[in-house]
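All remarks here apply to the structure that follows.
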DNA sequence: GTCTATATAGGGATAGAC
DNA sequence: GTCTATCCCTATATAGAC
């Protein structure tokens, strides 16, 4: 077993990641994956049995890279305000490196909810329980305003993720080049923690 | 409605709207549109020349229903705080009636940006200039904290739209039934204006 | 206008040589 | 393991009867 044997399989996965994120499941052609990987179409079927199998690998990989990372940050032992900072900083940083992931996941999940369920069932705990508990504790301690902790959670996710999903529309609406949009997002990474904390803090 | 009437064109458009939003462009089969409309597949080509033509009609219709409505609310003459209220109330209300629109638009725009451009070019002004100016005035008057108005705009959109796009994931993560999720969104309609205003107001 | 039947192409998958 | 050639089904689109 030489290292060359794994080269193709890896090339296929890399290529598939690019093409599936660019075109979605139904928009993807096996030929395009093969071209992107620099190999033959038949080889795709040699390594993976079907288009569906390749997609499964990419989709689960994407979920595994993104959902648990949120949970990890949110369920860490950091103090609340520090954690809000870490969340935006790390998560937006991660998204900057993988800007197409949100649309990809949301679209495929909307069109095929079963995939999500099987992932959740075996892979990991979906609810950031410690974080929701932490918010409750902050409220009880009188440090933040009384409110449903779930709304805070959803707001954090919305503020961080939406701009990536809506990028083309926002970019057009705000009349920004690619580089300017990236700068806008980087500014946002610094802007959001204070935006959120200012709302939550009890006066 | 019977296929003998000449509601056919309308029936096709209604059916296409449902199917394209459910499956996306590539996931949609002409047969499924025909079934949904209760007519024959060949009739689709009689009224519209191709799948692409039907899609174009649906996609432009969706854009026309949703983007200008945001702009209208934001560029109205309402005072700032009242407007924030109106925005969440009206727009989330609109989305509750059309929950699949955000994902549909964002996905198709990401995969085919040219469609968006031609729409913007001829149809309407994309930037809510009056709203951005209004924020600037509020800042100058010392009523809200100094900040980039564009971040406020993007935050409003994020908070209102994201939960619809991410619905299946949030629903699973928060362990909510369809009805409970809907209630959660309705609560959010009341929750968000104060969440935002509390952050913006100058202390 | 609406149908049935059919042409045509495209794309996922397999066979078999090397 | 990797290629070329090919199978075969599916989906868009058209032809033609009524």
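Protein chains in written order, with the working numbering: chain A, -11 to 191; chain B, -11 to 191. For glycine and all other residues, C-beta sits at the position ideal for the given N, C-alpha and C.
Problem set entry | For residue 100/B, the nearest candidate out of 155/A, 183/A, 18/A and -1/A (CA to CA) | Nearest option by C-alpha distance: 155/A.
For this session: Could you confirm whether any beta carbon from chain B is found closer than 8 Å to the beta carbon of residue 80/A?
Result: By the rule that beta-carbons nearer than 8 Å mark a contact, residue 80/A does not touch chain B.
Exercise. Under the three-state reduction of DSSP, which class applies to residue 115/A: helix, strand or coil?
Worked result: Correct three-state label for residue 115/A: coil.
For this session: Let me know if residue 14/A comes out buried or exposed under the rule of 16 or more other beta-carbons within 10 Å of its beta-carbon.
Result: Residue 14/A is exposed by the Cβ-count criterion.
Problem set entry | Neighbourhood of residue 47/B by C-beta distance below 7 Å, restricted to the same chain and skipping five residues each side | Correct list, in chain order: 96 and 103.
Exercise. Alpha carbon to alpha carbon, how far is residue 178/B from residue 145/A?
Worked result: Distance from the CA of residue 178/B to the CA of residue 145/A, rounded to the nearest whole angstrom, comes to 19 Å.
Problem set entry | Residue-chain proximity (residue 114/A, chain B), Cβ-Cβ < 8 Å | Yes, residue 114/A counts as interfacial toward chain B.
Exercise. Assuming residue 90/B and residue 36/B make a contact with CB atoms under 8 Å, what is their CB distance in whole Å?
Worked result: Wrong, their Cβ atoms sit about 25 Å apart, outside the cutoff.
For this session: Say whether chain A places a C-beta atom closer than 8 Å to the C-beta of residue 3/B.
Result: Interface annotation, residue 3/B: not in contact with chain A, CB-CB separation never under 8 Å.
Exercise. How about residue 136/A: is its Cβ closer than 7 Å to a heavy atom in the ligand MG?
Worked result: With respect to the ligand MG, the structure shown offers nothing to examine, as it has no ligands at all.
Problem set entry | Other residues of its chain near residue 105/B: CB distance less than 6 Å, five sequence neighbours each side excluded | Taken in chain order, the list of residues that qualify is empty.
Problem set entry | C-alpha distance - residue 63/A paired with residue 118/A, whole-angstrom precision | If I take the Cα positions, the gap works out to 5 Å.
Exercise. Relative to the alpha-carbon of residue 161/A, which residue among 141/B, 38/B and -5/B has its alpha-carbon at the smallest distance?
Worked result: Residue 141/B is the option with its Cα nearest to residue 161/A.
Problem set entry | Distance between residue 4/A and residue 143/B (C-alpha atoms, nearest Å) | Cα-Cα distance, rounded: 33 Å.
Exercise. Which runs of the alpha helix (DSSP H) fall wholly inside the stretch 88 to 115 of chain A and span at least 4 residues, in chain order?
Worked result: As far as the stretch 88 to 115 of chain A is concerned, its whole alpha helix (DSSP H) runs of at least 4 residues are 89 to 99 and 101 to 111.
Exercise. If you run the structure through DSSP and keep just helix, strand and coil, what is residue 132/A?
Worked result: Residue 132/A: strand per DSSP, three-state reduction.
Exercise. Do you know offhand how far residue 149/A's Cα is from residue 38/A's?
Worked result: Straight-line Cα distance between these residues: approximately 32 Å.
For this session: Return yes when the Cβ of residue 181/A is within less than 8 Å of the Cβ of residue 72/A, no when it is not.
Result: For residue 72/A and residue 181/A, yes; Cβs fall inside 8 Å.
For this session: Evaluate residue 131/A with the Cβ neighbour count: other Cβ atoms within 10 Å of its Cβ, from every protein chain shown; 16 or more gives buried, anything less gives exposed.
Result: Residue 131/A comes out exposed.
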